[in-house]
Every structure is written in structure tokens, then in C-alpha cells.
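Student:
In my numbering, the protein residues as written are 24 to 447.
1) What residue from 435, 370, 273 has the CA that sits closest to residue 92's CA?
2) From residue 288 to residue 101, what distance separates their C-alpha atoms?
3) What does a CB cutoff of less than 7 Å around residue 79 pick up in its chain, not counting 5 residues either side in sequence?
4) With 16 as the cutoff for other CB atoms within 10 Å, does residue 249 come out buried or exposed?
5) Which full runs of the alpha helix (DSSP H) of 4+ residues lie inside the segment 243 to 310, going along the chain?
6) Give the straight-line distance between the Cα atoms of residue 379 and residue 164, rounded to the nearest whole angstrom.
7) Flag residue 431 as yes if its beta-carbon sits less than 8 Å from any beta-carbon of chain D, otherwise no.
8) How should residue 357 be labelled, buried or exposed, when 16 other C-beta atoms within 10 angstroms of its C-beta is the threshold for buried?
9) Smallest Cα separation from residue 252: which of 107, 423, 76, 398?
10) How would you write the range of the beta strand (DSSP E) that residue 350 sits in, first residue to last?
11) Rounding to the nearest angstrom, what Cα-Cα distance links residue 431 and residue 182 in this structure?
12) Ordered along the chain, which non-local residues of its own chain (more than five positions away) have a Cβ less than 6 Å from that of residue 66?
13) If we ignore side chains and look at the alpha-carbon of each, how far apart do residue 298 and residue 277 end up?
14) As a quick exercise: from 229, 173, 95, 407, pick the residue whose alpha carbon is nearest that of residue 429.
15) Hey, residue 354 and residue 339 are a contact pair by Cβ (cut 8 Å); roughly how many whole angstroms apart?
16) With 16 other CB atoms within 10 Å as the buried threshold, where does residue 205 fall?
17) Just to confirm, is the Cβ distance from residue 170 to residue 440 under 8 Å?
18) One question on the structure: do residue 436 and residue 258 come within less than 8 Å of each other, judged by their Cβ atoms?
19) Would you call residue 118 buried or exposed, if buried means 16 or more other Cβ atoms sit within 10 Å of its Cβ?
20) Taking DSSP as the reference, what is the three-state secondary structure of residue 437?
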């Protein structure tokens, strides 16, 4: 009888070839079914072999050629705790004030082209829409082409008042917004005043922040950018030291507060990608909290500022270094769809992974046009295979890195008054 393990038992070359072919197929199938984790060379025909290190170097060379020429003040730090003053101050605005008594009629303000409605004082977008609607109902009103800047808030904007999983924490404010959205925008006849205002030819654009629950062609979002000056400074210092061929050994960086509505997504990525959430490593250091920072500083009164930053365990400086060692950054939503983490990652050359939640492509998504972001419908579909394909796709793209500057968004806003600049 022929032995299956003794080659001397084979009676013909044909039997040997058949058994050899069978074993080869089993080996190939086992290899192809193994997860692929960003291997140096993709499994493609030899004539199409792609070296990821070269793609990475080309991608980061283009990025650094633009970003390393910037000054720190060019970075997207809008003064979020000062009503986004570093954005608003670029325009000659008339500040709409619901509580002003008396408030000048719009007929006296036709020399203004920018109106600003702060995110306070009880006023809202529907109040502003009613103000303009009333003006247009007058006999022969003068043209009033303008841009309205309103609800510049890091958590929600003028068009984002629902669907946000974390907004229940701010329930009172949320309910106020939802109420005016449902009722205040309708007049006594049920007419949609907001719709009339946004469709009026004099309304060139409404600029706000965050995602849009309802799509309006003239509603646009401002890039959220960076949280505070200290964050901008640390990003700038980290960025200056980056090199095009800097190694990024980590597939994904995860650092997110473990709110209840994030638990499922965080558990999923930890299990699928064998990563751990690094958020707790940065407890106790909040440079945006003056009281906490002052307490820590007093404990080290004899130390220099440099020693202070390095003596506290895992300060934000290390957070940004860790982020810049990763190819991707996991970026779950918080109170709003947009977050500072997205923009931190973009500056440092890491790719933010953003869940769209099957939302319609409102104008908020245009904020990320021509920027390297990984948009996925649901984190349940996030797999190593999807991420690898997305990585190669993104590395091969061309991007408008100038979108990470203040000047881009100032020009973006002004262009709505000048149709010849609409390519922005």
C-alpha cells in the first residue's frame, strides 16, 4: 500500500504532483485568510507592488511643506472660550442683540454686510430670521446682501439640535433649542420663516459650527479647530519637529472619555485592534482649567515652566507625541459631531476616523473635503481590512492643507459675497 507520509511509497510522478498541489492550496488559503495589519508590501501582483513607506513619505512631505511654514498664530485656534473672537474679529460685524433697547432698525444698517448673533442673550437663529423677514415686508426695502455669523459653539451650532448622543447632559439648553426649532420659526399662519430667510437672495450664507440636522444650501460650518492657546502651542512645537519619514508604529491611537454612549465603540476597537484607551493617563492635567493648573504650579513653585510640563505624569505634550506615532486616531462623537481631536490629528499627520451615523451629507461634511479623514457609516463596520484599504487610499490623495489655517476660513467666509471666489 502507498504510504501518505513516505515519498518512497509513491508509484508515479502524477500522484506526487496531485498531492503537492492539494497541500499548496491549503497553505495558500490559510495565508490569505489571515488578518492583514499594514504589512510593508501589499499582496498585489509583483508588477503593481506598492511600498507603503514611500507613500507615507510622499504624503507627509506634502503636509509638512505647508504646515511647517506656518506661524503659531496661523493655526485654527479661534478663542472658543472667548466667543470665537479670533474668527469674528476678521469682519466688520454688526452685533445683533435681542435685549438692546431700542434696537436700531435694519433700514439703518444697510452699510453692514456681516451680522453676528452671539451664542447668548436668549437670541437664536429663528429670532434673527424673523428680524430680517419683518424688514423685507416693509414697502420697498433697500437691498441688504449679508452673511450671518451665529451660534459659534463647540458642542452645537445653529443647525444641530438633535441626534447627538451626549447632549442629554445639557438637557435644559437642548430643550430650549429644540423648542425654538419646532415652534419659533413658524409664524401664526404656519409659514416657515427660517426657510424664507435662507432662500432670500440677500442671504448669502449663514455660518455656524457643528453638524446640521436639517440641510440648507446656504448653511455652512466653520472648522472647529483647536481648543485653547496652550493646545495650539503644543501642536505647533510638535509639528516643527516632525520628519517626512518619521515612523508611525501604531495602527490606531485611542484617547476618549468613557461616556456611556461611547462604551460599545471603545470596546469594539480595543478588541479588534488590540489597543487600549489612553484617556486616563492624562488625568489631573488640564491646562485650560486655571484653578487646577494653579494648584499644581504652586506645588512646584521652584520649578521652571519646562520642568513643570515634564514632571507631571503624561502631560498633553506626551499626548500629542503619542498621537503623532499613530496612523489613525479613533474619534467618536461627544456632545457634537465635530471635536477638537479631529483637528489635532490632522495637524500631526494622523488620520481621524469619524462615524457618519448614516447622516445625510449636509454642509458640515464639506469642512473635511480635501482633507485626509476616514469616514465610516458605523463603527461596527470598522475592521483591520477596511482600515488598511482606507490607509492606502488616503496616502495617495492630494489635499488642501491650507484648510488648517485661519486665513483659509476667513477667505471662505468672505467669498460668499464675491461669486468669483466661490471655488473656496
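Virtual Cβ for every residue (Gly too), placed ideally from N, Cα, C. Computed from a prediction, not measured in an experiment: that's the story for all the values here.
Tutor: From the atom records:
1) In terms of Cα proximity to residue 92, the closest of 435, 370, 273 is 370.
2) Those two C-alpha atoms are separated by around 30 Å.
3) For residue 79, where only same-chain residues beyond five positions count, the Cβ hits under 7 Å are 418.
4) That one is buried.
5) Correct list: 252 to 263, 286 to 296.
6) Rounded to whole angstroms, the separation of the alpha carbons of residue 164 and residue 379 is 42 Å.
7) No chain D is part of this structure, which consists of one protein chain only.
8) Buried, since its Cβ has 16 or more Cβ neighbours within 10 Å.
9) Residue 107 holds the alpha-carbon nearest to the alpha-carbon of residue 252 among 107, 423, 76, 398.
10) First-last of the beta strand (DSSP E) with residue 350: 349 to 353.
11) Straight-line Cα distance between these residues: approximately 22 Å.
12) With a pLDDT of only 40 at residue 66, under 50, the local geometry of the prediction cannot be trusted, and the value read off the model is given with reservation. Within the same chain, no Cβ atom closer than 6 Å to the Cβ of residue 66 is found once the five residues on either side in sequence are excluded.
13) Answer to the nearest angstrom: the Cα atoms are 7 Å apart.
14) Minimum Cα distance to residue 429 is reached at 95.
15) The C-beta separation of residue 354 from residue 339 comes to about 17 Å, leaving the pair out of contact by the 8 Å criterion.
16) Confidence in residue 205 is poor, its pLDDT being 47 and thus under 50, which makes the residue's placement unreliable; the coordinate value appears in the next sentence. Burial state of residue 205 is exposed, judged by a 10 Å Cβ sphere holding fewer than 16 other Cβ atoms.
17) Yes, these two residues count as a Cβ contact at 8 Å.
18) Here residue 436 is not near residue 258, since their CB atoms are 8 Å or more apart.
19) Burial call: exposed.
20) Here residue 437 sits in helix by DSSP.
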